[in-house]
Amino acid sequence: MRGAVWDGEALFVTDRLDLRPLADGEVRVRVLRSGICHTDIAMMTPHLPKLPIVLGHEAAGEIVQLGARLTVGPWATV
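Going by our numbering, the first residue of the sequence shown is number 5, and it counts up by one from there.
Below is the structure:
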């Protein structure tokens, strides 16, 4: 999976994001568009969460995989 990653020193795009198996009640979304907002920029300051971090939490996309106990149809937002 592809993502924009901040490692504390540089912002880079990678095609090598590791994906863990889905847990019950989770979905996997292929992000088609993602915004970068003030929160993403704030993540690049000295007050950082655990690095590296994938930026772009305002997203729109398509569900490509369902975890157990889920069905296609319900509306959701990311």
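Glycine is no exception: its CB is placed at the ideal position from the N, C-alpha and C atoms.
> Going by other Cβ atoms of all chains shown within 10 Å of its Cβ, with 16 needed for buried, is D44 buried or exposed?
Replying inline: Position 40 of the sequence shown, counted from the start, is the residue given in the question as residue 44. Around the CB of D44, 16 or more other CB atoms lie within 10 Å, so the residue is classed as buried.
> According to the Cβ coordinates, are L59 and A8 closer than 8 Å?
Replying inline: Sequence index remark: in the sequence shown, residue 59 carries index 55 (1-based). Sequence index remark: in the sequence shown, residue 8 carries index 4 (1-based). Going by C-beta atoms, L59 is nearer than 8 Å to A8.
> For I67, which residues does DSSP report across the bridge?
Replying inline: Within the sequence shown, the letter at position 63 stands for residue 67. DSSP, once it has assigned bridges, lists V33 as partnering I67.
> When you compare only the Cα positions, how much space is there between I70 and A27?
Replying inline: As a first step, residue 70 is located in the sequence shown; it is residue number 66 there, counting from the start. As a first step, residue 27 is located in the sequence shown; it is residue number 23 there, counting from the start. In the sequence on display, residue 70 carries Leu and not Ile. Approximately 9 Å between the Cα atoms of the pair.
>> Under DSSP, the alpha helix (DSSP H) around A8 begins and ends at which residues?
In response: As a working mapping, residue 8 is identified with position 4 in the sequence shown. According to the DSSP assignment, A8 belongs to no alpha helix (DSSP H) but to the beta strand (DSSP E) extending over 7-10.
>> Less than 8 Å between the beta carbons of D19 and R6, yes or no?
In response: In the sequence shown, the residue the question calls residue 19 occupies position 15. In the sequence shown, the residue the question calls residue 6 occupies position 2. Their beta carbons are under 8 Å apart, which means D19 touches R6 by this criterion.
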